[in-house]
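Q:
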Amino acid sequence: MSQEENFVENCVLVVDDDPNILHLLETRLASAGFSVLTAQDGQDALAQLHDQAVDLVLSDIRMPGLNGQELLKEVRKGWPGLPVILLTAYGRIPEAVASVQQGAADYLTKPFNGRELVAKVKEVLAGRPSTRTTSLAPSDMRDIGLVAGQSPAMAKLLTLIKRVAPSDVTVLVEGESGTGKELVARLLHRLSRRASGPLVVVDCGSTQSTLLESELFGHIKGAFTHALQEKQGLIQAANEGTLFLDEIGNISMEMQTRLLRFLQEKTVRRLGDVHTTTVNCRVVAATNADLAAMVGQGTFREDLYYRLKVVRVHVPPLRDRREDIPALAEFFLQSFCEQSNMPCPELSTAALRLLEKHPWPGNIRELRHVMEVSSLLSDKPVLTAEDLHVEPSAQQPEASVLSLDESERNAIIRALKHVNWVQKDAADLLGISRRAMHYKVRKYGIDIPKRGEKS
Numbered sequence: 097m098s099q100e101e102n103f104v105e106n107c108v109l110v111v112d113d114d115p116n117i118l119h120l121l122e123t124r125l126a127s128a129g130f131s132v133l134t135a136q137d138g139q140d141a142l143a144q145l146h147d148q149a150v151d152l153v154l155s156d157i158r159m160p161g162l163n164g165q166e167l168l169k170e171v172r173k174g175w176p177g178l179p180v181i182l183l184t185a186y187g188r189i190p191e192a193v194a195s196v197q198q199g200a201a202d203y204l205t206k207p208f209n210g211r212e213l214v215a216k217v218k219e220v221l222a223g224r225p226s227t228r229t230t231s232l233a234p235s236d237m238r239d240i241g242l243v244a245g246q247s248p249a250m251a252k253l254l255t256l257i258k259r260v261a262p263s264d265v266t267v268l269v270e271g272e273s274g275t276g277k278e279l280v281a282r283l284l285h286r287l288s289r290r291a292s293g294p295l296v297v298v299d300c301g302s303t304q305s306t307l308l309e310s311e312l313f314g315h316i317k318g319a320f321t322h323a324l325q326e327k328q329g330l331i332q333a334a335n336e337g338t339l340f341l342d343e344i345g346n347i348s349m350e351m352q353t354r355l356l357r358f359l360q361e362k363t364v365r366r367l368g369d370v371h372t373t374t375v376n377c378r379v380v381a382a383t384n385a386d387l388a389a390m391v392g393q394g395t396f397r398e399d400l401y402y403r404l405k406v407v408r409v410h411v412p413p414l415r416d417r418r419e420d421i422p423a424l425a426e427f428f429l430q431s432f433c434e435q436s437n438m439p440c441p442e443l444s445t446a447a448l449r450l451l452e453k454h455p456w457p458g459n460i461r462e463l464r465h466v467m468e469v470s471s472l473l474s475d476k477p478v479l480t481a482e483d484l485h486v487e488p489s490a491q492q493p494e495a496s497v498l499s500l501d502e503s504e505r506n507a508i509i510r511a512l513k514h515v516n517w518v519q520k521d522a523a524d525l526l527g528i529s530r531r532a533m534h535y536k537v538r539k540y541g542i543d544i545p546k547r548g549e550k551s
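For what it's worth, the working numbering labels the leading residue of the sequence shown as 97, then goes sequentially.
1. With 16 as the cutoff for other CB atoms within 10 Å, does Y203 come out buried or exposed?
2. Just to confirm the assignment, what range does the beta strand (DSSP E) spanning E270 have?
3. Grab the span of the beta strand (DSSP E) containing A261 for me, first residue to last.
4. Pull up the distance between the alpha-carbon of R415 and that of L429, whole angstroms please.
5. Return the CA-CA distance between L178 and N376, expressed in angstroms with no decimal places.
6. Span of the beta strand (DSSP E) holding F340?
7. What does the alpha-carbon distance come out to for the pair A333 and R403?
8. State the Cα-Cα distance for the pair G314 and F340, rounded to the nearest angstrom.
9. Among all the DSSP beta bridges, which residues are the ones paired with D479?
10. With Y540 as the anchor, note down where its beta strand (DSSP E) starts and where it stops.
11. Just the C-alpha distance for T303 and E166, rounded to the nearest angstrom, thanks.
12. May I ask you to verify whether the region 418 to 436 touches the region 377 to 388, counting CB pairs closer than 8 Å and requiring at least 3?
13. Measure the CB-CB distance between I460 and T255 and report whether it falls below 8 Å.
14. Do the region 259 to 275 and the region 448 to 468 touch if we need at least three Cβ pairs shorter than 8 Å?
15. Take the Cβ of E336 as the centre, count every other Cβ of all protein chains shown within 10 Å, and call the residue buried at 16 or more, exposed below.
16. Mark A490 as exposed unless 16 or more other C-beta atoms lie within 10 angstroms of its C-beta, in which case mark it buried.
17. Would you check if the region 105 to 112 and the region 121 to 138 touch, i.e. whether three or more CB-CB distances between them fall below 8 Å?
18. State the beta-bridge partners of L154 as determined by DSSP.
19. H146 by DSSP, collapsed to three states: which one?
20. What residues match up with A382 in a beta bridge as DSSP calls it?
21. Using C-beta distances below 7 Å, list every residue in its chain close to V196, excluding the 5 sequence neighbours before and after it, in chain order.
22. State the start and end residues of the unbroken alpha helix (DSSP H) segment that holds R464.
23. Compute the beta-carbon to beta-carbon distance between L484 and A511, rounded to the nearest angstrom, for a pair I have assumed lies under 8 Å.
24. Please report the distance separating the alpha-carbon of L308 from that of D137.
25. By DSSP, does H454 sit in helix, in strand, or in coil?
26. Select from E122, M467, P294 and H454 the residue whose C-alpha is nearest the C-alpha of C440.
27. Tell me whether L295 sits in a helix, a strand or coil according to DSSP, three-state version.
28. Enumerate in chain order the residues of its own chain whose CB-to-CB distance from A481 is below 6 Å, with the five nearest sequence positions on each side excluded.
29. Beta-carbon separation of T338 and R290 under 8 Å?
30. Using 8 Å as the threshold, is the C-beta distance between V409 and I257 below it?
31. Quick one, are the C-beta atoms of V267 and V380 less than 8 Å apart?
32. Whole angstroms is fine: what's the gap from T205's alpha carbon to S529's?
33. Residues bridged to H410 by DSSP?
34. Nearest-angstrom Cα distance between D369 and R505?
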């Protein structure tokens, strides 16, 4: 039996107080092969759910009596595995977004396209995200590099990730720089039904606006001066997988318009091409900017903002999850020492106390740097507070620690000595590019011994 024939067995309960819309929905879904039940209000819908086997509920939000959001709550209680799609007017998108965060499978805005309606119903039924049980093994997180620890903030985050990951809803990951937003996106992908597909990462912050359109959408040969051959865009490369748009707040208004069209139509058109291509991918975006404020300032499209933040995931800063610092520090120490083939030191009680008190303005990225540099610069089996090269803060005298530049210079010198002054090997050891290594050697005035002087 084909996938198309499978949908004939599915029953959809349509709920709307407008008889004309109810008839239109019933006709459109029936013509697509679905078995359709209808109800003109929420109470009638609940009565039918008690008497009939239903595979999906399609309900208007604004109805007299028991409205769509209240119906959703009742369905979650009595039929927790039953997916619900909500219909809403364009001006009430925030209502629908809030409903998705409360457990709805997805939403559609009125007026809707008939094909879009059928496609959305089929997509939800095929994935059945509400009925899938997602387990989060420690190996899933360790492989990615995401360490949960013991903090309530991370426990809350992981609960939300487990709930959202199996669905195809668009997710907006928010958080300060260095908190691990990309790691959250990778975990969402790993726990999704698209885990076997590609995860395509697009850094919107570092890609020039003039190149981003070509990177995302691709181009045909001759589309512009230096387009010597055709190129597939990154959106198309994410087909059947996940597209992660990092630092989404940096894209231009023109790109916002094109991205919105893709999110609405699920099609892309390469630069210079006249044909469109359908792309089936899940979109996860991330930002450290306040997109809501940008909408108010007119620098970010409101309709795109609502499309991106169907579910918002906030990654807490390190200062709000201090209970996790010991586990994170140990993880970074072990990972770096294993990669560098070095013995792994332990952390003294005083060292842990210093780490837990530090404000960590650079968040997890800063902690990882501190642990790598400290382990590289010390041969001791136990790292003390004096061995930790932590950037000075308002709580610490500047004389008690090395500056970041001095720490980096010493780390580079030690890495060079470890590999007998071979710069490319030292670059690999530190996890930086060879170009960066050459730049830093010149920046810090490091003298590289001649071949005969190396030991």
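All C-beta atoms, glycine included, are put in the ideal place defined by N, C-alpha and C.
A: To lay it out plainly:
1. Residue environment: Y203 is assigned as buried (16 or more neighbouring CB atoms within 10 Å of its CB, all protein chains considered).
2. Segment V267 to E270, the beta strand (DSSP E) holding E270.
3. Counted as a single uninterrupted DSSP element, the stretch harbouring A261 is not any beta strand (DSSP E), since DSSP gives it neither H nor E.
4. Roughly 20 Å separates the two Cα atoms.
5. It is roughly 23 Å from the alpha-carbon of L178 to the alpha-carbon of N376.
6. In this chain, the beta strand (DSSP E) harbouring F340 covers T338 to D342.
7. Taking the straight line joining both Cα atoms gives about 21 Å.
8. Between the alpha carbons of G314 and F340 lies a distance of about 17 Å.
9. Looking at the sequence provided, one finds Leu at residue 479 rather than Asp. According to the DSSP secondary-structure assignment, L479 is paired through a beta bridge with L443.
10. Careful: Y540 lies outside any beta strand (DSSP E) and carries neither H nor E.
11. Distance between the alpha carbons of T303 and E166 is about 44 Å.
12. Cβ pair count under 8 Å is below three, so no.
13. Not closer than 8 Å, so no.
14. Yes: the two stretches touch, three or more of their Cβ pairs being nearer than 8 Å.
15. So E336 counts as exposed.
16. Here the model assigns A490 a pLDDT of 45, short of 50, so the residue's position is not dependable, and the following value carries that caveat. With fewer than 16 other Cβ atoms within 10 Å, it is exposed.
17. Because the criterion of three Cβ pairs below 8 Å is met, the region 121 to 138 and the region 105 to 112 touch.
18. L154 is bridged to V110 and I181.
19. Here H146 sits in helix by DSSP.
20. BP columns for A382 point to V269.
21. Its chain contains D202, Y203, V265, V406 and V407 as the residues whose beta carbon lies nearer than 7 Å to that of V196, once the 5 sequence neighbours on both sides are disregarded; these appear in chain order.
22. R464 -> alpha helix (DSSP H) spans N459 to L473.
23. Not really, about 18 Å apart at Cβ, beyond 8 Å.
24. Those two C-alpha atoms are separated by around 47 Å.
25. Coil.
26. Of the candidates E122, M467, P294 and H454, the one whose C-alpha sits nearest the C-alpha of C440 is M467.
27. Strand, per DSSP.
28. The beta carbon of A481 sits closer than 6 Å to those of A446, A447 and L450, all from its chain and outside the five residues before and after it, given in chain order.
29. Against a cut-off of 8 Å, the Cβ pair of R290 and T338 comes out as a contact.
30. I257 sits close to V409, with the two beta carbons spaced by under 8 Å.
31. Cβ distance < 8 Å, so V267 and V380 count as in contact.
32. The C-alpha of T205 lies about 47 Å from the C-alpha of S529.
33. According to DSSP, which records beta bridges pairwise, H410 is partnered with E270.
34. Going by the C-alpha atoms only, they are around 50 Å apart.
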